[in-house]
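See below for the structure under consideration.
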Amino acid sequence: MAWFRRKQNPQAPTPNEQRTVKTEGLFAKCDGCGQSLFIKELEDNLHVCPKCNHHNRISAVDRLHLIFDDEAWVEWDANLASNDPLNFFDKKSYAERLQAMQESTGLLDALITGEGQVGGYPTIICSIELAFVGGSIGSVVGEKISRAIERALDKRAALLIFSASGGMRMQEGVMSLMQMAKISAGLARLDEQGLPFISVLTDPTTGGVTASFAMLGDLNIAEPGAQIGFAGPRVIEQTIRQKLPEGFQRSEFLLEHGMLDAVVERKDLKKFIISALDFMLKKP
Amino acid sequence: MAEKKMQLDPRDNDSMTDIRRRILESEEANLTLDTHTPSVWERVKLARHKDRPYTLDYVESLFTEFVEIHGDRRFGDDHAMIAGFAKFHDQPCVIIGHQKGRTTKQRQFRNFGQAKPEGYRKALRLMKFAEKFNRPIFTFIDTQGAYPGIDAEERGQAEAIAYNLREMARLRVPVIVTVIGEGGSGGALAIGVGDKILMLENSFYSVISPEGCASILWRDASFAEQAAQALKLTAQDLLAFGLIDKIVPEPKGGAHTDEGKMAEILDAALQEALQEISRLSDAERVERRYQKFRAMGEFEERHTQGVAGK
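Protein chains in written order, with the working numbering: chain H, 719 to 1002; chain A, 8 to 317.
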């Protein structure tokens, strides 16, 4: 009853309009439970919902901040860009799409490579930006990861790849498909040289990314609740004509089926990686 | 009435079912191509043609003493993937290939040429077998793509393909890949990392099926023909991009019009490819294979700053 009365006689000293202005930018909605949360609170919690533990998606560059010692690194190959080899055109031209993506993300393509230290170990991190054409892999991303592998070989550094991708980039045709083979061939060399490669799968990792480097780590780990798979759920549903089971293609499902080595919460990720590197490498 | 029925079962009306129906239809398409060079779309239909020679047809016409080897020693035997050893002009070799079926029953038995993880694992097992005994490997690509299903996902379709890509890159024996029909994305590439990559004149190789591409980018699978154009998926396109080594010509009207002639032409091409790579040392061959894939892709270098760390 009291609540009802209060609504009839608003106590707020400022009109509604002004209140809206004041709260703008303070709240964000959790993608998991839909709760409104203080952005500050969410940020302090690494964009993991304090209510439901949903790991909200974060940008490629935030991943580097999260893992590198002192949040410091040197970026490599930031100047590589697609030259639209197929001159691809659907409803819109690929060139236009690229330009729009470059403007909105501030990146030339869907991957950032950084070199720095993790737990004191020399490490190269490649991080895929999902916001750039769905984190899809074309020639540029393929080349950047290949160069990162070569740099790791050269400097005897560890390699970490954060995946968040819809798969290969259709607009670059079979050339993008071949990036799967190109990157995997590079990883064979890293493997032969006894250098560590840790693959971190985040929401979502599907298609040709899962079917190449994301599954080729010495360790393949994932954040909780991430969608991970080869074929998209819709494609599967319509091929087999049944509903998919609850939790299908989530990290926990893959863990249960033996396809992941561990599911690691974002707050524990750096610690996990350092203990893995402690095992894999000589103390720096 | 028909319209009403479709509404009752919305699944019959959705885009994916539409894609499967369209692909099946294109396998049954009637083509008369004696008088002109086929268009991109005609090539897609030729590549899928139900009378086109499949892997086992070439096994019969090009090889002798074929012994089929089954199973991945993990889970099962995948009938969409053929593996075994045979002789190619008296030389022992391993053969790997996707296998489609022609009749409804065969199609189901072969799962429409769509392999599951056990198929890719069987393929790699036989490739390692070839490596141990120092024999060359011939692979034949002809698939819509790897099978998208719950069981395939549970058993690690992605991991199986990924592992093949990495291991094929470092096989010490010669690997000759031929795309004989459909080169459907990751499911094709999973047996496609080799020293020589050949494509039959009317085959195609693509990152996604034209129908799948159209349903995503045009939001309508009926734009498959436009998508096929845009994807640049023909043997001629791939040769121009430097992604394959050779186009194997087909008899006029397509491989299915004269299977004997087709086998003769392919036989010569395979012999030539094998001779060429057999001359190299193992180390040279592996290095060249690496460099071959390393060079794939096109991009430009600009003058911009990246996102710098603090």
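Glycine included, every Cβ here is placed at the ideal spot set by N, Cα and C.
For the alpha helix (DSSP H) containing residue i, list its first residue and its last residue.
i              : result
residue 755(H) : Element bounds for residue 755(H): not the alpha helix (DSSP H) but the beta strand (DSSP E), 754-756.
residue 130(A) : 124-139
residue 284(A) : 266-285
residue 255(A) : That residue, residue 255(A), is in no alpha helix (DSSP H); its beta strand (DSSP E) goes 253-255.
How would you list, in chain order, the residues of chain H whose beta-carbon sits under 9 Å from the beta-carbon of residue i?
i              : result
residue 200(A) : 899, 902 and 903
Residue i touches chain A at which residues, Cβ-Cβ below 8 Å?
i              : result
residue 975(H) : 161, 162 and 163
residue 807(H) : 237
Roughly how many whole angstroms lie between the Cα atoms of residue i and residue j?
i               : j              : result
residue 739(H)  : residue 849(H) : Residue confidence for residue 739(H) is low, a pLDDT of 45 falling below 50, so the modelled location carries little weight; the figure read from the coordinates is stated next. So the alpha carbons of these two residues sit roughly 28 Å apart.
residue 53(A)   : residue 32(A)  : 12 Å
residue 201(A)  : residue 977(H) : 27 Å
residue 997(H)  : residue 937(H) : 12 Å
residue 942(H)  : residue 882(H) : 13 Å
residue 780(H)  : residue 27(A)  : 41 Å
residue 85(A)   : residue 159(A) : 11 Å
residue 173(A)  : residue 166(A) : 11 Å
residue 140(A)  : residue 862(H) : 37 Å
residue 80(A)   : residue 170(A) : 16 Å
residue 216(A)  : residue 191(A) : 7 Å
residue 802(H)  : residue 842(H) : 28 Å
residue 234(A)  : residue 274(A) : 33 Å
residue 995(H)  : residue 914(H) : 8 Å
residue 796(H)  : residue 817(H) : 15 Å
residue 752(H)  : residue 908(H) : 42 Å
residue 69(A)   : residue 299(A) : 27 Å
residue 951(H)  : residue 750(H) : 19 Å
residue 990(H)  : residue 870(H) : 20 Å
residue 854(H)  : residue 947(H) : 15 Å
residue 252(A)  : residue 187(A) : 14 Å
residue 866(H)  : residue 44(A)  : 44 Å
residue 1030(H) : residue 209(A) : Only positions 719 to 1002 of chain H appear in the structure, and residue 1030(H) is not among them; the question remains open.
residue 720(H)  : residue 772(H) : With a pLDDT of 48 at residue 720(H), under the threshold of 50, the modelled position of this residue cannot be trusted; read the value that follows with caution. If I take the Cα positions, the gap works out to 35 Å.
residue 764(H)  : residue 985(H) : 7 Å
residue 154(A)  : residue 181(A) : 28 Å
residue 290(A)  : residue 296(A) : 10 Å
residue 255(A)  : residue 56(A)  : 17 Å
Strictly below 7 Å CB to CB, what residues from chain A border residue i?
i              : result
residue 864(H) : 301
With DSSP as the reference, identify every bridge partner of residue i, one or two as the case may be.
i              : result
residue 840(H) : 835(H)
residue 879(H) : 844(H) and 917(H)
residue 766(H) : 773(H)
residue 117(A) : Paired residues: none, contrary to the question.
residue 94(A)  : 71(A) and 99(A)
residue 792(H) : 833(H)
residue 886(H) : 855(H)
residue 203(A) : 183(A)
residue 980(H) : 939(H)
residue 307(A) : 799(H)
residue 1(A)   : Because chain A is modelled from 8 through 317, residue 1(A) falls outside the range shown and cannot be assessed.
residue 89(A)  : 104(A)
residue 923(H) : 883(H) and 946(H)
With C-beta atoms as the reference, is residue i less than 8 Å away from residue j?
i              : j              : result
residue 856(H) : residue 894(H) : yes
residue 945(H) : residue 922(H) : yes
residue 150(A) : residue 194(A) : yes
residue 859(H) : residue 829(H) : yes
residue 106(A) : residue 88(A)  : yes
residue 930(H) : residue 954(H) : no
residue 878(H) : residue 927(H) : no
residue 973(H) : residue 839(H) : no
residue 93(A)  : residue 74(A)  : yes
residue 138(A) : residue 178(A) : yes
residue 809(H) : residue 224(A) : yes
residue 821(H) : residue 778(H) : no
residue 232(A) : residue 48(A)  : yes
Taking residue i as part of the beta strand (DSSP E), name the residues at either end of that continuous run.
i              : result
residue 213(A) : 211-213
residue 783(H) : Residue 783(H) -> not in any beta strand (DSSP E); alpha helix (DSSP H) instead, spanning 778-785.
residue 938(H) : 937-940
residue 950(H) : Looking at the DSSP string, residue 950(H) is not in any beta strand (DSSP E), and its letter there is neither H nor E.
residue 145(A) : 144-150
residue 746(H) : 745-747
Which residues in chain H sit within 7 Å of residue i, going by Cβ to Cβ distance?
i              : result
residue 166(A) : 933 and 977
residue 214(A) : 886, 888, 891, 892, 894 and 895
residue 192(A) : 895
residue 297(A) : 903
residue 306(A) : 798, 799, 800, 801, 857, 858 and 861
I want to verify the contact list: residues of chain H whose CB lies under 8 Å from the CB of residue i, in sequence order.
i              : result
residue 262(A) : Residues of chain H passing the Cβ test: none, with the nearest at roughly 21 Å.
residue 311(A) : 796, 797 and 826
Report task. Quick one: which residues of the stretch 796-821 of chain H get their C-beta closer than 8 Å to a C-beta of chain C? List them in chain order. Result -> In the displayed structure, chain C is absent; the protein chains listed are H and A.
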